[in-house]
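So the protein lines, in turn, are chains W and Y. Under the working numbering, the first residue of the first sequence carries the number 353, and numbering increases by one thereafter. Under the working numbering, the first residue of the second sequence carries the number 19, and numbering increases by one thereafter. Cβ atoms here follow ideal geometry from the backbone N, Cα and C, with glycine treated the same way. Since the structure is predicted, the reported quantities are computational estimates derived from the model, not experimental observations.
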Amino acid sequence: MAILSKKDQRLILDPLADDNPITIQVLGICSALAITAQLKASIVMAISVLFVLGIGNVVISLLRNVIPSKIRIIVQLIVVATLVIVVDQTLKAFAYELSKELSVFVGLIITNCIIMGRFEAFALGNGPYRSFLDGIGNALGYGVILIMVGFFRELLGSGTLLGFKVLGDPIEKTGLYSIGYENNGFMLLSPMALIVVGLIIWVQRSRNPALVEEN
Amino acid sequence: MGMKESLHKLKMKYEGKKMAPAFNALHTFLYAPNETTHSGGHIRAVDDLKRTMNTVIIALIPCLLFGIFNAGYQHYYAVAEVAGTAADYKAVGFFDVNFWNWDNFAMGAWTVLPLVVVSYGVGLLVEFIFAVIKGHEVEEGYLVTGMLVPLIVPIDIPLWMLAVAVIFGVVIGKEVFGGTGMNILNPALTIRAFLFFAYPTWMSGDKVWVHQAVDMAGQPDAISGETILGSYAQNSTVAYDYWDMFAGFIPGSVGETSKLLIIFGAAFLIFSKIASWRIILSAVAGALVMGLIFNGVVDAGWIDSSSKFYGLMSVPFWQHLIIGSILFGAVFMATDPVTGSQTNKGKYIYGFLIGFISIMIRVFNPAYPEGVFLAILLMNVFAPTIDHYVVQGNVKKRMKRLKLKTA
Numbered sequence: 353m354a355i356l357s358k359k360d361q362r363l364i365l366d367p368l369a370d371d372n373p374i375t376i377q378v379l380g381i382c383s384a385l386a387i388t389a390q391l392k393a394s395i396v397m398a399i400s401v402l403f404v405l406g407i408g409n410v411v412i413s414l415l416r417n418v419i420p421s422k423i424r425i426i427v428q429l430i431v432v433a434t435l436v437i438v439v440d441q442t443l444k445a446f447a448y449e450l451s452k453e454l455s456v457f458v459g460l461i462i463t464n465c466i467i468m469g470r471f472e473a474f475a476l477g478n479g480p481y482r483s484f485l486d487g488i489g490n491a492l493g494y495g496v497i498l499i500m501v502g503f504f505r506e507l508l509g510s511g512t513l514l515g516f517k518v519l520g521d522p523i524e525k526t527g528l529y530s531i532g533y534e535n536n537g538f539m540l541l542s543p544m545a546l547i548v549v550g551l552i553i554w555v556q557r558s559r560n561p562a563l564v565e566e567n
Numbered sequence: 019m020g021m022k023e024s025l026h027k028l029k030m031k032y033e034g035k036k037m038a039p040a041f042n043a044l045h046t047f048l049y050a051p052n053e054t055t056h057s058g059g060h061i062r063a064v065d066d067l068k069r070t071m072n073t074v075i076i077a078l079i080p081c082l083l084f085g086i087f088n089a090g091y092q093h094y095y096a097v098a099e100v101a102g103t104a105a106d107y108k109a110v111g112f113f114d115v116n117f118w119n120w121d122n123f124a125m126g127a128w129t130v131l132p133l134v135v136v137s138y139g140v141g142l143l144v145e146f147i148f149a150v151i152k153g154h155e156v157e158e159g160y161l162v163t164g165m166l167v168p169l170i171v172p173i174d175i176p177l178w179m180l181a182v183a184v185i186f187g188v189v190i191g192k193e194v195f196g197g198t199g200m201n202i203l204n205p206a207l208t209i210r211a212f213l214f215f216a217y218p219t220w221m222s223g224d225k226v227w228v229h230q231a232v233d234m235a236g237q238p239d240a241i242s243g244e245t246i247l248g249s250y251a252q253n254s255t256v257a258y259d260y261w262d263m264f265a266g267f268i269p270g271s272v273g274e275t276s277k278l279l280i281i282f283g284a285a286f287l288i289f290s291k292i293a294s295w296r297i298i299l300s301a302v303a304g305a306l307v308m309g310l311i312f313n314g315v316v317d318a319g320w321i322d323s324s325s326k327f328y329g330l331m332s333v334p335f336w337q338h339l340i341i342g343s344i345l346f347g348a349v350f351m352a353t354d355p356v357t358g359s360q361t362n363k364g365k366y367i368y369g370f371l372i373g374f375i376s377i378m379i380r381v382f383n384p385a386y387p388e389g390v391f392l393a394i395l396l397m398n399v400f401a402p403t404i405d406h407y408v409v410q411g412n413v414k415k416r417m418k419r420l421k422l423k424t425a
C-alpha cells in the first residue's frame, strides 16, 4: 500500500469496515434486499455500483466548481443516469439472461442512496483523485455486504452457489439432502435479507463496541 | 441432604462465576430460593412471573394430552379408512374408547414428546447461553413458549427444522430486543411463522397433519388427512360433523383441535386472572363479525358458487370458531401480556382486530389456509400504537374536563 498515502488508504479501507455504507450508514438497503437472493446477481450489482460510483464521483468532482448549487441534484442525476444506462446496455449486450434477472434493479441504481450520498458528501468538496478513491472504497464496502448476504441467502435458500449445487441435488436426494436436509424458503424472501443484514450489523458491533451509539 | 440443599450448595460454589445464572435458574425453578428479605415490611405476592407461567402451562396440559391421543387416533383412523374399516375406529362421544386407548397414546407420545423435548431443550439452551454471555439471570419467558411450540406445529415436522426455528424465534424474536418482557412479537408465533415461510411443504397441505402420511404418500395404502379448512378452500365437502370439530377429533396442529379443552383452559386462565377476558371475548366477536359479513355477501348473491372463495365464505359464521385455530390463538397467543395491548380499551380493539383479520386471511388467502398466527403477529406489531392512542385519547378527555372546570 505504499502507493497510497495514509489518508488515501483510509478513503478505501474505512468504508470496508467501520464506516460501511450498509451496516453503519444504513444506506442502499433497498437493493440489498431486492437482488441478494442469488450470489451471481449480488456480484454483478456490486460491480455495476463500483463502476457507477467510481466514475460518477470523478465526473462530479471535476464539475464541482461549475455546477450551480441550486441545480446540483439535477446535474448529479444526469451523471448517474448516463452511467447507469451504459451499465444497463452493456449487460444487455453481453449478459442478457442476467440483465433480465436483475431487470429494474440496474435502472434503480440511480436511486441508490449511496451514490447520491457520496456525490453530495464527498465529490462536491474534493479533488478527482480522492473522489475516485472514495467512490471505489464505498462501492467496495457496499459490495462486500451484498456478496456476504447473497452468499448466505443462496446457500441456505437454494442450496447452490453461483448456480453450482454445493449441497447436493434436492430432487435426486444426494449430498446433504439424502439425510433429510431441506432448503430454507424463507431465505429467498426479502425480509430475510433484512434479518441477515441485521445479523451482520450485530456481529460487527459486538466486535467493535465503539460503533454502538450512546442513548 | 435434600436436593434443595445440594442445589443451594452448588449455587453458592459458583457464586459470582460465569456459569452462576445457569445454576441459579435451576435452583429457583424447582424451589423457592433460600435468600429472602429479612428486615422491613415488604409486600409479598406469590404470583410472580414463574407462577404466572406455570398457570398457563397447567391450562395447556389438557390440550397437550388430547393432542397426544389425537395424533395416534388420526393415524390409526386414516389407516383404517384406507382399509375400509373406518366405521369400527370412529370415536363418537368425547369419552369414546376408540379415542382414549393405549394404542393411540403410545403412537401419539412417540411422535409428540420428541417435539416437546426439542422445543424445551433447544429453547432453554439458547436462553442459558444468552444469560451466561450477558451475565443476567435466566428468564422464565421460555417456559410457556416451549410448551406452546409443539402444540402449534404439524405432527410430523422434522425435529431439526423445529430446532432451527426455535433458535431463530428465541434469538430474533426475543433476545435481540432484550429478552423476556421486551419482545415485540410473540416468540412461539415467530417460530411458527419461520417454519411456515421456510418449509411450507411441511406446514400446510393435506399430508402433514396425520402421522406418517408424508412417508406413505404415493404408496397404494397412502393415507391423507385434509384439514377442514383445506377442504373448504377447495370447495369440496367436509368429512367431519360439528361434534368432531368441537371435541377435536380432526386433523390439525397438535394441540389446537379440541375446542372443548381450549374453552376449559380459557375458563381456568380467566378465573385465575392470568389471561385477559377482554382480549379473548373481543377476538371471538371479531371473528364472528367477519364471518357474518362473509355470510351476508353470500346471501346477497354477490359471489358466484364457482368462485374460489365461495366455499370458505359460505361457512356459517359461528362455525369459524370451531374450525382452525382461532380459539387456540385467541386464548393462548393473543393474551400474551408482553406482546398484547396493555390498556383495557386497547385490549378490545386489539382482540377484535385479531379475530377480524384472522377470518379475513382464512377466507381470502388460499395459499395460507390458516391466518390466525399472521393476524396475531400483525396485531402484536400494532399493539403499542393502539395503546398510544388510547392513552392520548384519555389525556385529551381529561384536559377537556379540566378546562370545563377551570373556565
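Asked                                                                                                                                                            : Found
Note down, in chain order, every chain W residue with its Cβ under 9 Å from the Cβ of Y217(Y).                                                                   : E534, N535, N536, G537 and F538
Taking three-plus beta-carbon pairs below 8 Å as touching, is the stretch 534 to 548 of chain W in contact with the stretch 419 to 430 of chain W?               : no
Go ahead and pull the three-state DSSP assignment for F516(W).                                                                                                   : strand
For M351(Y), count neighbouring Cβ atoms within 10 angstroms of its own Cβ and tell me buried if that reaches 16, exposed if not.                                : buried
Give, in chain order, every residue of the stretch 282 to 302 of chain Y whose Cβ lies closer than 9 Å to some Cβ of chain W.                                    : none
To the nearest angstrom, report how far apart A293(Y) and A285(Y) are at their CA atoms.                                                                         : 9 Å
Whose C-beta lies closer than 8 Å to the C-beta of A211(Y) among residues of the same chain, with five residues either side of it excluded?                      : F391, L392 and L395
Quick test of the definition: if touching needs 3 or more C-beta pairs under 8 Å, does the stretch 88 to 106 of chain Y touch the stretch 133 to 145 of chain Y? : no
Is G408(W) close to chain Y, meaning its C-beta is less than 9 Å from at least one C-beta of that chain?                                                         : no
Let me know if S510(W) comes out buried or exposed under the rule of 16 or more other beta-carbons within 10 Å of its beta-carbon.                               : buried
Report yes if the CB atom of S271(Y) is closer than 9 Å to the CB atom of I170(Y), and no otherwise.                                                             : yes
Check whether chain Y comes within 9 Å of L541(W), counting only Cβ atoms and requiring the distance to be less than that.                                       : yes
Excluding five sequence neighbours on each side, which residues of the same chain lie with their C-beta closer than 8 Å to the C-beta of N260(Y)?                : The sequence given here places Tyr at residue 260(Y); Asn does not occur at that position. The residues are Q337 and I340.
Could you pull out every residue in the same chain whose Cβ sits closer than 7 Å to the Cβ of L330(Y), ignoring the five residues on either side in sequence?    : Y250, A251, R380 and V381
Could you have a look at R424(W) and say whether DSSP puts it in helix, strand or coil?                                                                          : helix
Among the residues of its own chain, which have a CB less than 7 Å from the CB of E453(W), if the five just before and after it don't count?                     : A393
In whole angstroms, what separates the C-alpha of V501(W) from that of N372(W)?                                                                                  : 14 Å
Which word fits Y481(W), buried or exposed, when buried means at least 16 other C-beta atoms lie within 10 angstroms of its C-beta?                              : exposed
Going by other Cβ atoms of all chains shown within 10 Å of its Cβ, with 16 needed for buried, is R416(W) buried or exposed?                                      : buried
Out of V549(W), I374(W) and T388(W), state which residue places its alpha-carbon closest to the alpha-carbon of L513(W).                                         : T388(W)
Closer than 7 Å by beta-carbon distance: list the chain W residues that pair up with F264(Y), in chain order.                                                    : Neighbours of F264(Y) on chain W: none; closest Cβ ~34 Å, over 7 Å.
Of the choices K359(W), L363(W) and G477(W), whose alpha-carbon is the least far from that of I419(W)?                                                           : G477(W)
If you scan the stretch 341 to 413 of chain Y from start to end, which runs of the alpha helix (DSSP H) of 4 or more residues do you find wholly inside it?      : 362 to 382
How big is the Cα-Cα spacing for S483(W) and S558(W)?                                                                                                            : 31 Å
Can you grab the Cα-Cα spacing for the pair A265(Y) / V409(Y), in whole Å?                                                                                       : 41 Å
Would you call the CB atoms of G273(Y) and F117(Y) closer than 9 Å?                                                                                              : no
From L422(Y) to Q360(Y), what distance separates their C-alpha atoms?                                                                                            : 29 Å
How about I374(W) and I488(W): do their beta carbons lie closer than 9 Å?                                                                                        : no
If you measure from the beta carbon of W178(Y) to each beta carbon in chain W, is any gap under 9 Å?                                                             : yes
Is DSSP giving F538(W) helix, strand or coil here?                                                                                                               : helix
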